[in-house]
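Peer 1: Heads up, the sequence shown stops at 230 in the working numbering, and the numbers go up one at a time, no gaps.
Virtual Cβ for every residue (Gly too), placed ideally from N, Cα, C.
Provided herewith is a single structure, encoded as structure tokens, for subsequent inquiry.
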Amino acid sequence: MELPKLNFQETFDFKFKKDKDKFFIYDLIRKTYLLLTPEEWVRQHWIHYYLTVKSYSTSALITEKKIVLNGLTKRVDLLVTEKAQPKILVECKAPSVKLTEKTFEQTARYNSIIGAKEIILTNGLQHINAYFENGQYQFYK
């Protein structure tokens with residue numbers, strides 16, 4: 090199994106298992122093994138980052154939250170909450186996916202439903218981090 094090294098300073102202790110020819114990664118939030126896709130590889134890094142580096146509790150992290158956007162059911166990849174309020178929306182893409190204005194706009198549309206103060210769009214190699222202020226997104230330097 091060849092996984093790309095992602096752009097995180099930390100290294101995390103992931104648990105893997107193999108079944109037939111498929112690899113799975115343990116999700117600390119859902120407490121189960123999930124199919125190891127490129128997008129899941131990125132999401133698990135962010136989960137471990139918020140749990141180990143930022144010391145959030147597992148109850149503060151929500152994965153695959155359903156939202157309805159223009160009549161369509163969508164799922165957000167990771168929502169970080171504080172006192173049960175949305176704080177950071179993390180939208181994960183596979184490392185091979187280029188982050189563009191279009192993918193950022195998708196994340197912003199999701200956040201129009203969620204209402205988090207910050208959003209992170211990431212493919213694991215590049216992270217775009219912005220906060221909502223005065224009716225528009227400001228990008229962190």
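Would residue 184 and residue 123 be called neighbours here (beta carbons separated by less than 8 Å)?
Peer 2: Along the sequence shown, read from residue 1 onward, the residue named residue 184 stands at position 95. Along the sequence shown, read from residue 1 onward, the residue named residue 123 stands at position 34. No, these two residues do not count as a Cβ contact at 8 Å.
Peer 1: Do residue 165 and residue 180 have their CB atoms nearer than 8 Å?
Peer 2: Along the sequence shown, read from residue 1 onward, the residue named residue 165 stands at position 76. Along the sequence shown, read from residue 1 onward, the residue named residue 180 stands at position 91. The answer is yes: Cβ separation under 8 Å.
Peer 1: Measure from the alpha carbon of residue 170 to the alpha carbon of each residue in 194, 195, 132, 204, then state which is nearest.
Peer 2: Within the sequence shown, the letter at position 81 stands for residue 170. With distances taken between Cα atoms, residue 170 lies closest to 204.
Peer 1: Whose CA, out of 113, 186, 117, lies closest to the CA of residue 216?
Peer 2: As a working note, residue 216 is residue 127 in the sequence shown. Residue 216 has its Cα closest to that of 186, out of 113, 186, 117.
Peer 1: Within 10 angstroms of its Cβ, does residue 161 collect 16 or more other Cβ (buried), or is it exposed?
Peer 2: Start at 1 with the first residue of the sequence shown, and residue 161 comes out as number 72. Flag for residue 161 reads exposed.
Peer 1: Would you call the segment 109-129 and the segment 147-154 in contact, with 3 or more CB pairs under 8 Å?
Peer 2: Contact holds: three or more Cβ-Cβ distances are below 8 Å.
Peer 1: By Cβ distance, which residues of its chain are closer than 6 Å to residue 228, with the 5 residues on each side in sequence left out?
Peer 2: Here residue 228 corresponds to residue number 139 of the sequence shown, with the count starting at 1. If we look at residue 228 and ignore the five residues flanking it on each side, its Cβ neighbours are 219.
Peer 1: Skipping 5 residues on each side, what residues in its chain have a beta carbon closer than 6 Å to that of residue 199?
Peer 2: Position 110 of the sequence shown, counted from the start, is the residue given in the question as residue 199. Counting only Cβ-Cβ distances below 6 Å, and skipping sequence neighbours, we find 165.
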